[in-house]
Amino acid sequence: MVLTTGTFMRGLMHTGMERTPGGRAGEGAAVGISKALQDLGFELGRLKTGTPPRLKRATIDWEGLEAQAGDESPLPFSALSGRADALAQGEITGAAELLSGLIERFPLLEQVECRKTATNGQTHELIRANLHRAPMFSGQIEGAGPRYCPSIEDKVVRFEGRDSHTVFLEPESLRSDWIYCNGISTSLPRDIQDAMVRAMPGCERAEILRYGYAVEYDMVRPHQIHATGMTKLVEGLFLAGQINGTSGYEEAAAQGLIAGVNAVRWCASESEWVPGRDEAYIGVLMDDLVTKTPTEPYRMFTSRAEHRLMLRADNADDRLTGTADELGLLSQTPLGRMRRDLFARRQEQLHRLRALVGGGAGPSGSGGELIRQMRGAGFDWCDLRALVGDEFDRSVLETVVAEVRYEPYVERERREVMRRRATERSRIPAWMDWSTCSTLRAEAREALTRFRPDTLGQAGRLEGITPADLTLVSVLVRRAWQERGEQ
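Residue 7 is where the sequence shown starts when you use my numbering, and the numbers rise one by one after that.
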């Protein structure tokens, strides 16, 4: 079973002094799950998140507000997005029968610009004068909120030297009349939200369709799960998403993938799958959760990954498609076959382009000279295309430019990964009783007992574990396996 409770476990919404049970506007709270988990022995925590007010599009004065356009060439989530025309021209198995479906299932949506406004001194004075009515400051909310997405009242207090904060007015969809006010998440009372919004340029007559609110919810301290998402207390129970102390959206979706894959594999008595920290950001996320104790909703940043030069967006297909196929995540439908063919085409192009670059991109070219040129400032995929022609996809050109530019650093990282791999994946017996290991420091025993790491790699990343502790832990683990083997 995979449990994904979002913000609903004993969810409580706050707008000013008003409190309403629920995990989202218009939806009630899940009141029994928390007690059931506590009865099983799980340690719970309490976190908080929030959302901004939504405005009615027609009541905003859009004239004079600075336009914020989207990316000129947006990077789609799926490699199939917007590929109908390209596939029609290529030799992709089953393309013809899927083109109409692709256009519907993987469209490139119309890009809609946002507009920019801002808070001002009037807004900030209003907020300061009403902090006693703000649940975060009145003591009404107990849970910790996200550090990197603070509410507007939190911004005003924490950054008192700022006289303005940017607010982006974002359409919620192509057809909706609702405008999302990105930058003023709040749980202030309704009358203060009205005054705060109408003090912003362009919003003087704005009508609020839904007021902002904060929501508190229960979560399970993630040191109680394995990196697969399965709990240590209850075999076969997997947790994913905000229940593990992360923020929602991408972090929650990533955990859903890990928990779903491993739940199916556990039911089939197959081996678990967790990507390493050098293989995917999902691996970094899961490892951080099981080796740290988040005191606020965890967010994934590139800075959390020590091997981020290896975890680029341009090489995600190359890193993970083979694994996805091995795990059975690529379907056997025509769409799945097309996905495999696209991957094979990309690998063939990468192979040819790497050979061209190594040979100087021409019969008489100098590979070394071209590589020096590609590592120079300002060189991009357009420059490489000018040298090698139009036969290569843009994504392939971008990958090869990145590979050449970062090659010395990536190679150094690979050597470090290989050096640590044996230790990283060495399993720790589940029966280890760290409290009896008197040769370890008390702080180390406490950390190992609380987190119960599955591998030496995880143990080495626990707070309170020194390199000397890890050396001793590896000796104790080796001895434990030997003794069990003798028995």
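Positions of the beta carbon are idealized from the N, C-alpha and C atoms, including for glycine.
Is DSSP giving residue i helix, strand or coil here?
| i | result |
| --- | --- |
| residue 285 | coil |
| residue 8 | strand |
| residue 20 | strand |
| residue 252 | strand |
| residue 143 | helix |
| residue 399 | coil |
| residue 41 | helix |
| residue 168 | coil |
| residue 343 | helix |
| residue 14 | coil |
| residue 489 | helix |
| residue 280 | coil |
| residue 120 | strand |
| residue 405 | helix |
| residue 484 | helix |
| residue 150 | strand |
| residue 244 | strand |
| residue 174 | strand |
| residue 129 | helix |
| residue 30 | strand |
| residue 234 | coil |
| residue 25 | strand |
| residue 36 | strand |
| residue 389 | helix |
| residue 268 | helix |
Classify residue i: buried if its beta carbon has 16 or more other beta carbons within 10 angstroms, exposed otherwise.
| i | result |
| --- | --- |
| residue 16 | buried |
| residue 115 | exposed |
| residue 29 | buried |
| residue 48 | buried |
| residue 41 | exposed |
| residue 1 | Nothing can be reported for residue 1, as the shown portion of the chain is limited to 7 through 493. |
| residue 118 | exposed |
| residue 316 | buried |
| residue 400 | exposed |
| residue 251 | buried |
| residue 220 | buried |
| residue 395 | exposed |
| residue 293 | buried |
| residue 180 | exposed |
| residue 130 | buried |
| residue 473 | exposed |
| residue 263 | exposed |
| residue 488 | exposed |
| residue 307 | exposed |
| residue 194 | buried |
Can you list, in chain order, the residues of its chain whose CB lies under 6 angstroms from that of residue i, leaving out five sequence neighbours each side?
| i | result |
| --- | --- |
| residue 244 | 8, 235, 236, 265, 269 |
| residue 377 | 410 |
| residue 481 | none |
| residue 310 | 290 |
| residue 468 | 297, 453, 457 |
| residue 278 | 234, 268 |
| residue 430 | 463 |
| residue 142 | none |
| residue 176 | 120, 186, 188 |
| residue 305 | 154, 253 |
Counting only the same chain and skipping the five closest in sequence on each side, list residues whose C-beta sits under 8 angstroms from that of residue i.
| i | result |
| --- | --- |
| residue 203 | 59, 61, 187, 190, 209, 212, 214 |
| residue 415 | 315 |
| residue 44 | 50 |
| residue 339 | none |
What residues in its chain sit with their C-beta under 7 angstroms from that of residue i, if we drop five residues either side in the sequence?
| i | result |
| --- | --- |
| residue 495 | The displayed coordinates of the chain run from 7 to 493. Any statement about residue 495 would go beyond what the structure contains. |
| residue 465 | 434, 454, 459, 471, 476, 479 |
| residue 1 | Within the shown structure, residues of the chain are numbered from 7 to 493, placing residue 1 beyond reach of any answer. |
| residue 349 | 323, 327 |
| residue 216 | 31, 59, 60 |
| residue 405 | 320, 321, 356 |
| residue 284 | 313, 316, 423 |
| residue 443 | 451, 482 |
| residue 333 | 267, 279 |
| residue 73 | 119, 121 |
Rounded to whole angstroms, how far is the Cβ of residue i from the Cβ of residue j, which I believe are closer than 8 angstroms?
| i | j | result |
| --- | --- | --- |
| residue 363 | residue 387 | Actually they do not touch by this definition, with Cβ atoms about 12 angstroms apart. |
| residue 46 | residue 239 | 6 angstroms |
| residue 21 | residue 151 | With 8 angstroms as the limit, residue 21 and residue 151 do not qualify as a contact, their Cβ atoms being about 15 angstroms apart. |
| residue 249 | residue 11 | 5 angstroms |
| residue 123 | residue 173 | 5 angstroms |
| residue 157 | residue 192 | 5 angstroms |
| residue 383 | residue 438 | Contact flag wrong, Cβ pair sits at about 52 angstroms. |
CB of residue i to nearest heavy atom of the ligand FMN: below 7 angstroms?
| i | result |
| --- | --- |
| residue 481 | For the structure depicted, the ligand FMN is absent and the ligand set is empty, with no information on it obtainable. |
Every unbroken beta strand (DSSP E) within the segment 180-227, with a cutoff of 3 residues, ordered by chain: Runs of the beta strand (DSSP E) inside the segment 180-227: 184-188, 214-216, 219-226.
Any alpha helix (DSSP H) of 4 or more consecutive residues that is wholly inside the segment 294-326: Segments of the alpha helix (DSSP H) lying fully in the segment 294-326: there are none.
Sequence ranges, alpha helix (DSSP H) only - wholly within the segment 411-481, length at least 4: As far as the segment 411-481 is concerned, its whole alpha helix (DSSP H) runs of at least 4 residues are 448-457, 462-466.
Those runs of the beta strand (DSSP E) which lie wholly inside the segment 43-90 and span at least 3 residues: The DSSP assignment places 50-57, 60-62, 72-74 as complete runs of the beta strand (DSSP E) inside the segment 43-90, in order along the chain (cut-off: 3 residues).
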